[in-house]
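Scroll down for the structure; my scribbles are underneath it.
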Amino acid sequence: MMSFILSSLTVQANTLKAVPVLKINPEQCVALLQGQKCYVTVKLNWRVATAGNYCLFSSQGTDALKCWTQQSKGEFKQEFMAKTNILLSLKQKNSQVTLVDAEVKMAWVHKKKGKPRMSWRMF
Amino acid sequence: MKNIVQPLLTSLVSASFLLTSPALLADPHNEKHEKHEKHEKHEKHEKHEKHEKHEKHEKHEKDAKHQKHDKHKEDKTADEHEHDLDIDFDFDDNPRDGFYLGLSAITTSGDDFYLSDHDDSKADFDFDVSYRVQFLGLFVESPGLSSRRLHGLYATPAWGINFFSNDIWSLDLFYETSTKGIDGLEGIQNRRKAKRGGLRATGYFDNSQLQVVFTPYSPDNAESDGIEASLSYGHNWQFKNWNYYANVGVHYRSEEILDYSLEQGYIQTNEEYSSSDGISTSAEIGLEYPLTSDWVFGSFVAYRTLSDRVEDSRTDDVSDGYKAGFLLTYVF
Numbered sequence: 734m735m736s737f738i739l740s741s742l743t744v745q746a747n748t749l750k751a752v753p754v755l756k757i758n759p760e761q762c763v764a765l766l767q768g769q770k771c772y773v774t775v776k777l778n779w780r781v782a783t784a785g786n787y788c789l790f791s792s793q794g795t796d797a798l799k800c801w802t803q804q805s806k807g808e809f810k811q812e813f814m815a816k817t818n819i820l821l822s823l824k825q826k827n828s829q830v831t832l833v834d835a836e837v838k839m840a841w842v843h844k845k846k847g848k849p850r851m852s853w854r855m856f
Numbered sequence: 008m009k010n011i012v013q014p015l016l017t018s019l020v021s022a023s024f025l026l027t028s029p030a031l032l033a034d035p036h037n038e039k040h041e042k043h044e045k046h047e048k049h050e051k052h053e054k055h056e057k058h059e060k061h062e063k064h065e066k067h068e069k070d071a072k073h074q075k076h077d078k079h080k081e082d083k084t085a086d087e088h089e090h091d092l093d094i095d096f097d098f099d100d101n102p103r104d105g106f107y108l109g110l111s112a113i114t115t116s117g118d119d120f121y122l123s124d125h126d127d128s129k130a131d132f133d134f135d136v137s138y139r140v141q142f143l144g145l146f147v148e149s150p151g152l153s154s155r156r157l158h159g160l161y162a163t164p165a166w167g168i169n170f171f172s173n174d175i176w177s178l179d180l181f182y183e184t185s186t187k188g189i190d191g192l193e194g195i196q197n198r199r200k201a202k203r204g205g206l207r208a209t210g211y212f213d214n215s216q217l218q219v220v221f222t223p224y225s226p227d228n229a230e231s232d233g234i235e236a237s238l239s240y241g242h243n244w245q246f247k248n249w250n251y252y253a254n255v256g257v258h259y260r261s262e263e264i265l266d267y268s269l270e271q272g273y274i275q276t277n278e279e280y281s282s283s284d285g286i287s288t289s290a291e292i293g294l295e296y297p298l299t300s301d302w303v304f305g306s307f308v309a310y311r312t313l314s315d316r317v318e319d320s321r322t323d324d325v326s327d328g329y330k331a332g333f334l335l336t337y338v339f
């Protein structure tokens, strides 16, 4: 019984380990006004099951932000300027298939041009 | 916090309405939803146009009206890409309809025109509530230091009607509910005896704001109503996520309008001081930083000159004053 539980836990752990992980911090960029450029320094960690050649891309461009050779995990830090959400994705080198991605979302405090923060809605 | 506050506010205002917060707008699904909605509208619009060619003139007019409504809905969607339900009851075309509420903790230091020595070097602490509620063009508002970009430099607590509003200009007929001014700047504001009403035009541009206020009406002024007018301009700059602003303004008060003494309140003998009209000026610089989508840190320095007539009415030689401070605001 005990060996079954242990083997089951091992399988679960291996499954979790096999899932690619991409963690970002912070997950949100806050500007004062809607539509303003938002500046955020994003720290990123990724991990995959098998070592290989991987590259990190953002939705802001086609070129890789950084590539790693024969690695199964990595770290990255960069300041971004954006008006829309930034999608960060990890791909195998020379592949278009996204292994894992994460998004930095844009938020703001005030609407632009003096409009009220909340609008009336009826349901 | 928002999850608790929004239902509370909703029940306070009306059981029939929902409030949509921009903090929720960052959801990427909303952007996709917006694109999808626009795409659908575009397809519908194309079909609609083909259909129009075969319709009678009467029907054409009806459709044109419908198209205008669709265009408005599309414009609204660009700002309000969070939808609680698909049904959107469109009250009118006024883009200023809505709700703003900000709570600020303010600490200030500087001068006070209403103290005998004019010097108020000790730090003051205020808790300020600023709001604006507008529904079907009717509004009630109480401006604060944290809502300069919504209310303008010379706004006072008031109610009124926003009778014209487009993407840039907003025209209000308003009547003051108080002459107290706004918290944090009490000591350097030119107060007067009576409440006033009039016309206000505010232009909201990309990085600036222009406001003209004209008040020819006062129900309880001593004799004639007199005229009060102001012109103010504000400009915003951005460095990283810090926002800097500078506001300048000039304010005119005619002879008939009686000033207010905070020490003594209004007394009849003050009327003799109002022997001429007067012009005062204002300038403010400040910065704001969004800590989160709800919390904003701010700092400011405000400068005011007294008009000649107020200077003449004083026994000291004070002609100007300043206030500086910090504020932390929670925006609902």
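Note that the protein sequences, when read in sequence, are chains G and X. First residue of the first sequence? That's 734 in the numbering used here, and the numbers climb one at a time after it. First residue of the second sequence? That's 8 in the numbering used here, and the numbers climb one at a time after it. We put the CB at the ideal spot given by N, CA and C, even for glycine.
With distances taken Cα to Cα, identify the nearest neighbour of residue i among the options.
i                 : options                                   : result
Gln245 of chain X : G:Gly807, G:Lys799 and G:Gln769           : G:Gln769
Lys845 of chain G : X:Val220, X:Glu193 and X:Asn243           : X:Asn243
Glu193 of chain X : X:Gln216, X:Gly233, X:Phe132 and X:Val325 : X:Phe132
Ser792 of chain G : G:Arg850, G:Arg780, G:Glu808 and G:Met814 : G:Met814
Pro297 of chain X : X:Glu291, X:Gly305 and X:Ala290           : X:Gly305
Cys788 of chain G : G:Gln811, G:Leu823 and G:Val833           : G:Leu823
Arg780 of chain G : G:Gln811, G:Gln767, G:Gln825 and G:Leu820 : G:Gln825
Pro102 of chain X : X:Val255, X:Val257 and X:Phe146           : X:Phe146
Thr783 of chain G : G:Val773, G:Asp796, G:Gly807 and G:Ala797 : G:Gly807
Trp249 of chain X : G:Glu812, G:Ser805 and G:Leu765           : G:Leu765
Asp227 of chain X : X:Thr184, X:Gln216 and X:Lys330           : X:Thr184
Asp119 of chain X : X:Ala130, X:Leu110, X:Ser261 and X:Ile234 : X:Ala130
Val219 of chain X : X:Arg203, X:Ser231, X:Ser320 and X:Ser239 : X:Ser239
Glu805 of chain G : G:Asn778, G:Asn818, G:Ile819 and G:Cys771 : Here the sequence assigns Ser to residue 805 of chain G, which means Glu is not the residue at that position. Out of G:Asn778, G:Asn818, G:Ile819 and G:Cys771, G:Asn778 has the C-alpha closest to the C-alpha of Ser805 of chain G.
Thr222 of chain X : X:Ala236, X:Ser215 and X:Asn214           : X:Ala236
Thr357 of chain X : X:Leu180, X:Lys200 and X:Val338           : Chain X is shown only over 8 to 339; residue 357 of chain X falls outside these bounds and no answer can be derived.
Ile189 of chain X : X:Pro164, X:Leu265, X:Gly204 and X:Thr299 : X:Pro164
Leu755 of chain G : G:Val763, G:Val775, G:Cys771 and G:Gln767 : G:Val775
Glu263 of chain X : X:Arg316, X:Thr114, X:Gly117 and X:Ser137 : X:Arg316
Val257 of chain X : X:Gly285, X:Lys247, X:Tyr251 and X:Lys330 : X:Gly285
Under three-state DSSP, which class holds residue i?
i                 : result
Arg207 of chain X : strand
Leu152 of chain X : helix
Arg850 of chain G : coil
Gly191 of chain X : coil
His88 of chain X  : Note that His88 of chain X scores 40 on pLDDT, short of 50, meaning its location in the model is unreliable; the coordinates nonetheless yield the value given after this. His88 of chain X falls in the coil class under three-state DSSP.
Glu760 of chain G : coil
Glu291 of chain X : strand
Arg780 of chain G : strand
Asp323 of chain X : coil
Glu812 of chain G : strand
Asp834 of chain G : strand
Arg103 of chain X : coil
Val707 of chain G : Given a span of 734 to 856 for chain G in the structure shown, any question on residue 707 of chain G remains unanswerable.
Arg260 of chain X : strand
Asp315 of chain X : helix
Leu265 of chain X : coil
Leu798 of chain G : coil
Leu143 of chain X : coil
Leu157 of chain X : helix
Ile286 of chain X : strand
Pro223 of chain X : strand
What does DSSP give as the partner residues of residue i in its beta bridges?
i                 : result
Leu240 of chain X : The residue you asked about is not Leu; residue 240 of chain X is Tyr in the sequence shown. Partner(s): X:Leu217 and X:Val255.
Phe170 of chain X : Phe170 of chain X is not bridged to any residue.
Phe246 of chain X : X:Trp249
Thr184 of chain X : Paired residue(s): none; Thr184 of chain X is not in a bridge.
Lys330 of chain X : X:Gly117 and X:Ala309
Phe790 of chain G : G:Ser822
Gln804 of chain G : G:Gly785
So, is the C-beta of residue i closer than 8 Å to a C-beta in chain X?
i                 : result
Lys806 of chain G : no
Ser852 of chain G : yes
Leu765 of chain G : yes
Gln793 of chain G : no
Ala815 of chain G : no
Val833 of chain G : no
Gly847 of chain G : yes
Gln829 of chain G : no
Leu777 of chain G : no
Cys771 of chain G : yes
Ala754 of chain G : Correcting the residue identity first, residue 754 of chain G is Val in this sequence and not Ala. Val754 of chain G does not count as touching chain X.
Ala797 of chain G : no
With a cut-off of 8 Å, does the C-beta of residue i fall near any C-beta of chain G?
i                 : result
Ala22 of chain X  : Only weak support exists for where Ala22 of chain X lies, its pLDDT of 37 falling under 50; the coordinates are left without a value.
Gly105 of chain X : yes
Phe134 of chain X : no
Asp119 of chain X : no
Are the segment 208-223 of chain X and the segment 162-180 of chain X in contact at 8 Å, needing three or more beta carbon pairs? Cβ pair count under 8 Å is three or more, so yes.
Inter-stretch contact (C-beta, 8 Å, three-pair minimum) for the segment 829-849 of chain G and the segment 751-763 of chain G: When Cβ pairs closer than 8 Å are counted between the two stretches, the segment 829-849 of chain G is seen to touch the segment 751-763 of chain G, the count reaching three or more.
Are there three or more Cβ pairs, one per stretch, closer than 8 Å when the segment 160-172 of chain X is compared with the segment 130-144 of chain X? A contact between stretches requires three or more CB pairs, one per stretch, nearer than 8 Å, and the segment 160-172 of chain X meets this requirement with the segment 130-144 of chain X.
Three or more beta-carbon pairs under 8 Å between the segment 154-164 of chain X and the segment 309-327 of chain X, yes or no? Contact between the segment 154-164 of chain X and the segment 309-327 of chain X is absent, because fewer than three Cβ pairs lie under 8 Å.
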